[in-house]
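**Student:** Before I ask anything, let me first share the structure, which is written out below as structure tokens.
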Amino acid sequence: MAGGVWGRGRSLGALTLAAVAEGIRACQAQPLEVPSTSLGPKPWELEPQAKTQVWAATTASGIEPGSGASAPAAGNEPYCQHNAQEAVPEGPQQVSGKAWDTGALTDLAMYTATCLEEAGFAGTQATALTLSSALEARGEKLEDQVHALVRGLLAQVPNLAEGRPRRAALRVLSALALEHAQDVVRALLPRSLPPDRAAAELWRSLSRNHHVNGQVLVQLLWALKGASGPEPQALAATRALGEMLAVSGCVGATRGFYPHLLLALVTQLHELARGGCFPDSPKVWVLSHRGPPHSHASSTVEALKALLTGDGGRMVVTCMEQAGGWRRLVGTHTHLEGVLLLASAMVAHADHHLRGLFADLLPRLRSADLPQRLTAMAFFTGLLQSRATARLLQEDIILKWLCTWQRDPESTVRWLGLLGLRHLALNCGKVRHMSTLLPALLGALGEGDVRLVGTALGALRRLLVQPGVPLRLLSSHLRPRLPPLLDDARDSVRALAIGLLGTLVRQGRGRLRMGLHGPLRKLVLQSLVPLLLRLHDPSQDTAESSEWTLARCDEALRWGLLEEMVTVAHYDSPEALSRVCHRLVQRYPSHIPCFLSQTQGYLRSPQDPLRLAATVLLGFLVYHSSPSHVNQDLLDSLFQDLGQLHSDPEPSVAAAAHVSTQQVALLASTQSRPSRGHLLCLISGNSCPARPTPCYADSPFQRRSLEGRWGCNGPCSPGPVPGF
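Per my numbering, the sequence shown runs over residues 1093 to 1816.
Pasting the structure below:
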């Protein structure tokens, strides 16, 4: 095989590719043409017709490739064409089957490497022609012959010493790839999965050769795109791309198909995510026996990073790392979020590729392959943040597509369409397409998919901060839709809905002080009880959003309760809550029945902190209320619901319920009409008793003080919560 041949390669270094061509002519029983010099023409002087030549070093010297025969020793008579003539038997030369086996082809590769070592890089083209001639002379399938040569190189390169011998052998691969790039890629791919050190070295050597790296990259791209799903061929192509793109300067060879390559890698991540090749998935990736289950995704991410970094997109990589974009890209349920982050980063830091990406995305939007289509939709949606790409198509066409996505039965498609509408309407800094955007956003508030609801709430908030937004119109539309979301079971939805209300109040504070904006004023009063109770929400984000929104309401409506509200939020102070209830009852006496009814609904909350907060709030509202503002039926209902809490499994709730029940009974006793018997039975003989101040024990759910959180020494001057 080739190992022994390379050992005598130095003595065969005088062989030129011209001698190889003469050997082929002899093998094919063609008349030999003796050149004028003993060593023949230089490799780069070969004529094109020499392409029919190649079996040189063996037949000309009478040495069968792969045999144990010795080559002429260094210092002996140089090998020349005269000696070759004597070694060739008369008559047609028949080549034995053994001479054409894999070992012979490996030897041929090593002989050629010896020639290249002396010929230098200028002989690469001649080498490619000569090797092509050798392979075509076999009469077998050319692809198989290239595969045999590549297998020989894979076997021998690791054994070669660093320096000229190894570089010469690697140039043989480049010579093959120059004429047979597709066959070389097909031969190397099977050795790239699982990773093979020798194959990795060959890929990197191809990447450094500027004459062939572009052809090889194109072949790898086709291998990546041609496979349906995370098949071995696609995974092997991804690993090979990672090796090649890691070589400095290789990305320049991707010009012309850079967008294709980037989108193919991102789509490959989607394929892997859907296939469950990640730690959070119960499925096992059967191809990955020599590494962790996520190794395929990791290699794809590294290839993507190398592609971006090599093209000057270091800031894109940094932004993705800071935002957790790479983690999202490989997540089973967060891949599209990662694609959106990648598109946003490219809009900000790699806008020179946006036009090419936009053009490549358009046909993918209609792809029958779901991962490819969803990835394209996410990228398309993210690119709409750029004014330049948004103008590449007519806005009417883009709007038509996005509205079509809104009617898709797949919630993910509707979510992407909603994001696209938001980007298209707001990327120029002013509200556009309100007639299309507003119905879509309001309709999404009733969706079951948390992504759709969260996107709609975030888009409405962005809409509110735009100049010239119709606040009265938005307030009218949000009044029936927003209050149910304040009590939504999903933590993120509650926090976003409460933050949206705070933004709405902040934008309309000027007219609220003048008593205008009736719909907004009614919305605030309708939301007061939920905001006060959500200060004790188990979700920290919801509690902080409630605190920030109440501060905006206090500023806009001039309640003068900022210190009390912050104290309730951070210290769970009953005294501060009592002062808040007193002020609200004084300011809005006609809304007392509504306040009480809303609070009563939270008495059945499955969350202990909310049940306790509702019980205490109810007691203080009743204590500060006038009998004339509360009817008897409401008092009976409150009395009954509070009585059921006397046996609550949470002791603090049961104790607070006893105190609030007494307040309801005392208020009922002061009614102008005769009180009902079952209420008076709790009153100890006084027809008009003085109502004592309710006294509640410290809450076991008391929130820890966050002193200094607002940038001061105490909780008295809150500021906006980040994200709102």
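Every residue, glycine too, gets a C-beta built ideally from N, C-alpha and C.
Leaving out five residues on either side along the sequence, give the residues of the same chain with a beta carbon under 7 Å from the beta carbon of residue 1515.
**Tutor:** Excluding sequence neighbours, residue 1515 sits near 1473, 1476, 1477.
**Student:** Ignore the nearest five residues each way along the sequence and tell me which others in residue 1685's own chain have a CB closer than 8 Å to its CB.
**Tutor:** Excluding residues within five positions, the ones whose Cβ falls inside 8 Å are 1721, 1722, 1723, 1726.
**Student:** First and last residue of the alpha helix (DSSP H) that includes residue 1450?
**Tutor:** Where residue 1450 is concerned, the enclosing alpha helix (DSSP H) stretches over 1446-1456.
**Student:** Skipping 5 residues on each side, what residues in its chain have a beta carbon closer than 8 Å to that of residue 1409?
**Tutor:** Taken in chain order, the residues that qualify are 1397, 1400, 1401.
**Student:** Between which two residues does the alpha helix (DSSP H) holding residue 1715 run?
**Tutor:** Looking at the DSSP string, the run of the alpha helix (DSSP H) that includes residue 1715 is 1700-1716.
**Student:** Hey, would you say residue 1285 sits closer than 8 Å to residue 1265, going by beta carbons?
**Tutor:** For residue 1285 and residue 1265, no; Cβs fall outside 8 Å.
**Student:** Comparing C-alpha positions only, which one of 1544, 1600, 1586, 1576 sits nearest to residue 1566?
**Tutor:** With distances taken between Cα atoms, residue 1566 lies closest to 1600.
**Student:** How many angstroms separate the CA atom of residue 1455 from the CA atom of residue 1461?
**Tutor:** For residue 1455 and residue 1461, the distance between alpha carbons rounds to 12 Å.
**Student:** Can you list, in chain order, the residues of its chain whose CB lies under 6 Å from that of residue 1611, leaving out five sequence neighbours each side?
**Tutor:** These residues qualify, in order along the chain: 1567, 1568, 1571.
**Student:** Confirm, please, whether the CB-CB distance from residue 1562 to residue 1449 is below 8 Å.
**Tutor:** Not closer than 8 Å, so no.
**Student:** Measuring only the C-alpha atoms, how far is residue 1414 from residue 1407?
**Tutor:** Answer to the nearest angstrom: the Cα atoms are 10 Å apart.
**Student:** Taking only three categories from DSSP, how would you classify residue 1304?
**Tutor:** Correct three-state label for residue 1304: coil.
**Student:** In the DSSP assignment, find the unbroken alpha helix (DSSP H) run with residue 1330 in it and report its ends.
**Tutor:** Here the alpha helix (DSSP H) through residue 1330 covers 1324-1337.
**Student:** One question on the structure: do residue 1495 and residue 1528 come within less than 8 Å of each other, judged by their Cβ atoms?
**Tutor:** Yes, the Cβ-Cβ distance between residue 1495 and residue 1528 is below 8 Å.
**Student:** Mind reading off the beta-carbon distance from residue 1339 to residue 1296? Whole number of angstroms is fine, and I expect it under 8 Å.
**Tutor:** About 6 Å; that satisfies the 8 Å criterion.
**Student:** So, residue 1690 versus residue 1621, is the Cβ gap smaller than 8 Å?
**Tutor:** Yes, the Cβ-Cβ distance between residue 1690 and residue 1621 is below 8 Å.
**Student:** Using a Cβ-based criterion (distance less than 7 Å to any ligand heavy atom), does residue 1255 qualify as near the ligand SAM?
**Tutor:** Summarising the ligand content, the structure contains no ligands, and the ligand SAM is consequently not present.
**Student:** Mapping DSSP to helix, strand and coil, what is residue 1491?
**Tutor:** Three-state result, residue 1491: helix.
**Student:** For a test of the three-state rule: what should DSSP assign to residue 1411, helix, strand or coil?
**Tutor:** Residue 1411: helix per DSSP, three-state reduction.
**Student:** Does DSSP put residue 1166 in a helix, in a strand, or in coil?
**Tutor:** Since pLDDT at residue 1166 reaches only 35, below the 50 mark, its modelled position is unreliable, and no value is offered.
**Student:** Going by beta-carbon coordinates alone, are residue 1789 and residue 1746 separated by less than 8 Å?
**Tutor:** In this structure, residue 1746 does not lie closer than 8 Å to residue 1789 by Cβ.
**Student:** For residue 1610, which of helix, strand or coil comes out of DSSP?
**Tutor:** Looking at residue 1610 - three-state DSSP - the assignment turns out to be helix.
**Student:** Classify residue 1343: buried if its beta carbon has 16 or more other beta carbons within 10 angstroms, exposed otherwise.
**Tutor:** Counting Cβ neighbours within 10 Å, residue 1343 comes out buried, since at least 16 surround it.
**Student:** Would you identify the three-state DSSP class for residue 1175, choosing helix, strand or coil?
**Tutor:** Unreliable placement is indicated for residue 1175, whose pLDDT of 36 sits below 50; the coordinate value is still reported in the next sentence. Helix, per DSSP.
**Student:** Classify residue 1663 as helix, strand or coil using the three-state DSSP reduction.
**Tutor:** Helix.
**Student:** Can you tell me whether residue 1285 is helix, strand or coil according to DSSP?
**Tutor:** Residue state, collapsed to three classes: coil.
**Student:** Anyone know if the C-beta pair for residue 1654 and residue 1643 falls short of 8 Å?
**Tutor:** A contact, by the Cβ cut-off of 8 Å.
**Student:** Once the 5 residues before and after residue 1705 are set aside, which same chain residues still bring their CB inside 7 Å of it?
**Tutor:** If we look at residue 1705 and ignore the five residues flanking it on each side, its Cβ neighbours are 1625, 1628.
**Student:** Thinking residue 1755 and residue 1786 are a contact (beta carbons under 8 Å), I'd like their distance in whole angstroms, please.
**Tutor:** That belief holds up - the Cβ atoms of residue 1755 and residue 1786 are roughly 5 Å apart, short of 8 Å.
**Student:** Output the boundary residues of the alpha helix (DSSP H) element that contains residue 1651.
**Tutor:** Unbroken run through residue 1651: none, as it is neither H nor E.
**Student:** I'd like the span of the alpha helix (DSSP H) that includes residue 1356, first residue to last.
**Tutor:** First-last of the alpha helix (DSSP H) with residue 1356: 1350-1366.
**Student:** What first and last residue would you give for the alpha helix (DSSP H) that runs through residue 1427?
**Tutor:** Where residue 1427 is concerned, the enclosing alpha helix (DSSP H) stretches over 1427-1441.
**Student:** In its own chain, which residues sit with a C-beta less than 7 Å from the C-beta of residue 1412, not counting the 5 before and 5 after it?
**Tutor:** So the qualifying residues of the chain are 1418, 1433, 1434, 1437.
**Student:** What is the DSSP secondary structure of residue 1673, reduced to helix, strand or coil?
**Tutor:** Helix.
**Student:** What do you reckon, are the CB atoms on residue 1641 and residue 1594 nearer than 8 Å?
**Tutor:** Cβ distance < 8 Å, so residue 1641 and residue 1594 count as in contact.
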